[in-house]
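**Q** Read in order, the letters of the sequence shown are residues 237 to 370 in this note's numbering. Glycine included, C-beta positions come from ideal geometry on N, C-alpha and C. Computed from a predicted structure; not experimentally measured.
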Amino acid sequence: MRGRMWRQCKGLCLANKYVENEILIYKIKRMKKPDYHILLCNSYRIAGEAKGACNKKNAPAIIQYMIEEAADRGLDVTVSSTGCLNVCAQGPVMVIHPNNFWYGAVDETAVDEILDALEEGKAVEKYLIAETEK
Ligand code: FES
Numbered sequence: 237m238r239g240r241m242w243r244q245c246k247g248l249c250l251a252n253k254y255v256e257n258e259i260l261i262y263k264i265k266r267m268k269k270p271d272y273h274i275l276l277c278n279s280y281r282i283a284g285e286a287k288g289a290c291n292k293k294n295a296p297a298i299i300q301y302m303i304e305e306a307a308d309r310g311l312d313v314t315v316s317s318t319g320c321l322n323v324c325a326q327g328p329v330m331v332i333h334p335n336n337f338w339y340g341a342v343d344e345t346a347v348d349e350i351l352d353a354l355e356e357g358k359a360v361e362k363y364l365i366a367e368t369e370k
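Listed below in structure tokens is the structure:
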């Protein structure tokens, strides 16, 4: 518990707000990190529109499929769609962290194989577009 000078405000966001001498101090609640963060390129441009190689190669449907498949498997993942990852010719492109696996030509079949391997912490060589070792 904070001292008398502190007054906790009721916030509607993830942060707790405290007021001390008219200065708002935010204490950020830390979230639990997911086991994996999966980035799927959807070719977003700065203006926010999705327009580019991966988007034209069915990325939106693949992203939705990835989200559903990961949930069905009970994997602790966060799936994010991104802007261009600068390997457009190999799209749709996917990156999995913390493993740093870079995959190209991802489709629904690839998603199934990649998630199967991920459940064992492994990569699927045939879709890798970058070295997995430093
Ligand atoms: S548009 Fe996907 S890597 Fe460039």
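With V313 as the anchor, note down where its alpha helix (DSSP H) starts and where it stops.
**A** It is not in any alpha helix (DSSP H) - V313 instead sits in the beta strand (DSSP E) that spans V313 to G319.
**Q** Contact check, A289 vs G327 under 8 angstroms by CB: the rounded distance?
**A** Between G327 and A289 the Cβ distance is about 5 angstroms, and since that is below 8 angstroms, they are a contact.
**Q** Rounded to whole angstroms, what's the CA-CA distance from V323 to L351? Just pull it up for me.
**A** The alpha-carbon atoms of V323 and L351 are separated by roughly 22 angstroms.
**Q** Is the closest heavy atom of the ligand FES to the C-beta of N294 under 7 angstroms?
**A** No, since every heavy atom of the ligand FES falls outside the 7 angstroms radius drawn around the Cβ of N294.
**Q** Taking 7 angstroms as the cut-off, does the CB of V347 come closer than this to any heavy atom belonging to the ligand FES?
**A** Checking the Cβ of V347 against the ligand FES gives no.
**Q** Between D312 and D271, is the Cβ-Cβ spacing less than 8 angstroms?
**A** Yes. Within cutoff.
**Q** Does the beta-carbon of A289, which I'm using as the reference point, lie nearer than 7 angstroms to any heavy atom of the ligand FES?
**A** Yes, the ligand FES has a heavy atom inside 7 angstroms of this Cβ.
**Q** Shorter than 7 angstroms, the distance from the beta carbon of L354 to the closest heavy atom of the ligand FES, or not?
**A** False, no ligand heavy atom lies under 7 angstroms from that Cβ.
**Q** Hey, would you say the C-beta of V329 is under 7 angstroms away from at least one heavy atom of the ligand FES?
**A** Yes; taking the cut-off as 7 angstroms, the Cβ of V329 has a heavy atom of the ligand FES nearer than that.
**Q** Which word fits S401, buried or exposed, when buried means at least 16 other C-beta atoms lie within 10 angstroms of its C-beta?
**A** Past the edges of the chain, shown from 237 to 370, lies residue 401, and the structure says nothing about it.
**Q** Alpha carbon to alpha carbon, how far is F337 from K263?
**A** Roughly 34 angstroms separates the two Cα atoms.
**Q** Is any heavy atom in the ligand FES found nearer than 7 angstroms to the beta carbon of V323?
**A** Yes.
**Q** Along the chain, which unbroken stretches of the alpha helix (DSSP H) at least 4 residues long are found entirely within the stretch 274-334?
**A** The qualifying runs are 289-292 and 295-309.
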